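I have placed the structure first, in the form of structure tokens, so that the comments after it can refer back to it.
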Amino acid sequence: MESPTYANLISQLTGQIDAISKTFVMNGYQALANHLEKPLASACVFALVLMGFGIMMGFIRMPSKDLMKLALRIGGIYLFAMNWGFFSEYFVGLFVNGASELGGVLMKANLSGLSVDGVNSGLQSVLNEVVRVGAWTWDKASFKHWSPIFVALMIYLSGLAVIGLALFELIIAKLMLAVCLSTAPIFILFTLFDVTKSFFERWIGVLVGFSLILVFVSSVASFCMRLIHWAVYAHYANHALDIGLSDWIPIVLVAAFCVMALLEVTAIAKSIGASCSTSNGAAMLGGFVGGAIGASRKAQDASSKSQEALKQMVPASAKSPVQVYQASRSPLNLQSFRG
């Protein structure tokens with residue numbers, strides 16, 4: 001394994017974080033699913049049997065349509081809570097992979113002039129520029145000439161503050177998503193009861209907030225990296241030969257602006273996730289099933305009505321000989337001729 005240096009630190013660190021978080025989510029989810037599978041299945045079957053028996057005996061007044069919706073809702077919750085393949089495709093794919101892909105798209109769109117492949121590549125590229133400019137400036141110092149050391153320290157601190165904050169927010173968001181997704185079986189089961197639905201709603205809000213951090217921070221980080229690249233590229237191109245004592249001021253101002261932007265966008269993402277209302281989303285599966293059942297029944301009613309209308313519109317000449325013969329043999333209704 002290649003030892004990490006400043007030239008490959010971000011790529012290796014984020015690669016390790018992604019691999020560890022993926023394994024963490026899978027192991028945690030499967031452990032909880034295996035532990036809860038048998039009691040959950042028994043409780044669901046027992047509840048449906050008792051409810052069906054109560055409806056049959058008249059103890060519970062519930063239409064069969066509502067019982068079917070409840071059964072399908074329980075089945076859908078059991079599928080998401082106990083099936084890793086289904087859960088990873090929709091939940092993990094949406095909140096982690098989808099958010100990371102959106103962030104990468106925004107990064108490439110805003111850094112079109114630079115040769116970067118994504119968020120990690122862009123951060124690594126800017127880190128290389130900052131470290132090299134700082135090192136070249138440091139090398140200009142001597143025993144009697146200390147000012148380049150101060151300039152180099154300001155360049156280091158400014159660049160590392162922005163890159164470190166962006167990387168910190170992205171890594172923490174991925175770790176928190178891994179922790180929340182690994183406990184998914186518990187929170188998905190909370191949707192079975194009205195008392196505990198609020199826990200599921202808060203859990204979804206946290207997932208939305210950290211997923212938006214991946215998207216928003218990637219977008220703002222691309223803007224910040226372009227500014228830092230603009231501030232240090234002239235010194236990077238000539239190996240800091242013309243850098244002076246006051247050349248650190250633009251870099252520090254750009255870094256301060258970038259840090260404030262990253263902090264603000266992180267707060268915005270968390271506030272959106274905290275304020276998202278999922279009271280209807282907690283019963284989304286039941287509503288979807290009920291809508292599907294209602295739509296199918298309405299389609300059947302419409303089909304039967306259309307058939308009756310067509311029968312009334314068909315002329316007598318289009319009827320079969322058997323229908324004409326049966327109509328001619330039917331007794332005449334004399335009541336219709338009475339005034």
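The opening position of the sequence shown corresponds to residue 1 in the UniProt record's numbering, with each subsequent residue numbered one higher. Even glycine gets a Cβ: it sits at the ideal position worked out from N, Cα and C. On a predicted model such as this, the values are computed, not experimentally measured, just so you know.
inquiry  = Tell me the DSSP secondary structure of T196 in three-state form.
reply    = Here residue 196 is taken as the residue at index 196 of the sequence shown, counted from 1. It is coil, neither helix nor strand.
May I ask whether a heavy atom of the ligand GDP can be found less than 7 Å away from the beta carbon of D18? What this structure holds is no ligand at all, so the ligand GDP is not there to describe.
Under the rule that 16 or more other beta-carbon atoms within 10 Å means buried, what is G104, buried or exposed? Numbered from 1 along the sequence shown, position 104 holds the residue referred to as residue 104. That one is buried.
Quiz prompt | S3 - DSSP class collapsed to helix/strand/coil | solution = Counting from 1 along the sequence shown, the entry for residue 3 is found at position 3. Here S3 sits in coil by DSSP.
Where H145 falls: helix, strand or coil (DSSP) | Here residue 145 corresponds to residue number 145 of the sequence shown, with the count starting at 1. In the structure shown, H145 adopts coil according to DSSP, grouped into three states.
- From S279 to I10, what does the alpha carbon distance come to, in whole angstroms? As a first step, residue 279 must be located in the sequence shown, where it is residue number 279. As a first step, residue 10 must be located in the sequence shown, where it is residue number 10. In this prediction, S279 scores a pLDDT of 42, lower than 50, which makes its location untrustworthy; no coordinate-derived value is stated.
To which residues of the same chain is G122 closer than 6 Å at the C-beta, ignoring the five residues directly before and after it? Residue mapping note: residue 122 aligns to position 122 of the sequence shown, counting from 1. Answer for G122: M107, L111, V116, M225, listed in chain order.
When L175, W203, A71, V252 are compared against H229, the one with the closest alpha-carbon
The residue you call residue 229 lines up with position 229 of the sequence shown. Per the Cα distances, V252.
- Looking at the unbroken alpha helix (DSSP H) that takes in S42, where does it start and where does it end? Sequence index remark: in the sequence shown, residue 42 carries index 42 (1-based). Note, S42: alpha helix (DSSP H), 9 to 57.
Please confirm if the segment 68 to 85 is in contact with the segment 173 to 190, defined as three or more CB-CB distances below 8 Å between the two stretches. Yes, they touch.
Around the C-beta of F59, are 16 or more other C-beta atoms found within 10 angstroms, so that it is buried, or is it exposed? Here residue 59 is taken as the residue at index 59 of the sequence shown, counted from 1. Counting C-beta atoms within 10 angstroms of its own C-beta, F59 has fewer than 16 neighbours from the protein chains shown and is therefore classed as exposed.
Worksheet item: Buried or exposed: which applies to M235, given that a residue is buried once 16 or more other Cβ atoms fall within 10 Å of its Cβ?
Response: Within the sequence shown, numbered from 1, the residue matching residue 235 stands at position 235. A quick correction: the sequence has His, not Met, at residue 235. H235 sits buried, since 16 or more C-beta atoms from the chains shown fall within 10 Å of its C-beta.
*Can you tell me whether DSSP reads K140 as helix, strand or coil?*
For the purposes of this step, residue 140 is taken as the residue at position 140 of the sequence shown. If DSSP states are grouped into helix, strand and coil, K140 belongs with coil.
Could you give the residue range of the alpha helix (DSSP H) that holds I100? The residue you call residue 100 lines up with position 100 of the sequence shown. According to the sequence as given, residue 100 is Ser; it is not Ile. Element bounds for S100: 99 to 110.
For P148, count neighbouring Cβ atoms within 10 angstroms of its own Cβ and tell me buried if that reaches 16, exposed if not. Taking the first residue of the sequence shown as position 1, residue 148 is located at position 148. Buried: at least 16 other Cβ atoms inside 10 Å.
I155 beta carbon less than 8 Å from that of V133:
Position 133 of the sequence shown, counted from the start, is the residue given in the question as residue 133. Position 155 of the sequence shown, counted from the start, is the residue given in the question as residue 155. Going by C-beta atoms, V133 is nearer than 8 Å to I155.
For the structure I just gave you, are there three or more beta carbon pairs, one from the segment 83 to 103 and one from the segment 26 to 46, closer than 8 Å?
Result yes; three or more Cβ-Cβ pairs closer than 8 Å.
Check: What's the C-alpha gap between V289 and G118?
Finding: For the purposes of this step, residue 289 is taken as the residue at position 289 of the sequence shown. For the purposes of this step, residue 118 is taken as the residue at position 118 of the sequence shown. With a pLDDT of 42 at V289, under the threshold of 50, the modelled position of this residue cannot be trusted, and the question is left open.
task = Take V130 as the anchor and find which of S3, A255, V265, M260 has the nearest alpha-carbon.
result = The count along the sequence shown starts at 1 and reaches residue 130 at position 130. Minimum Cα distance to V130 is reached at A255.
With burial defined as no fewer than 16 other Cβ atoms inside 10 Å of the residue's Cβ, what is the status of L193: buried or exposed?
On the sequence shown, position 193 is the one that residue 193 refers to. For the record, residue 193 in the displayed sequence is Phe; it is not Leu. Exposed is the call here.
### Query
The alpha helix (DSSP H) spanning P185 covers which residue range?
Walking along the sequence shown from the start, residue 185 turns up at place 185. Per DSSP, P185 is one residue of the alpha helix (DSSP H) stretching across 184 to 189.
- Measure how close the beta-carbons of L67 and G52 come, nearest whole angstrom, since I'm counting them as under 8 Å. Start at 1 with the first residue of the sequence shown, and residue 67 comes out as number 67. Start at 1 with the first residue of the sequence shown, and residue 52 comes out as number 52. Taking the Cβ atoms as the reference, L67 lies roughly 7 Å from G52, within the contact range of under 8 Å.
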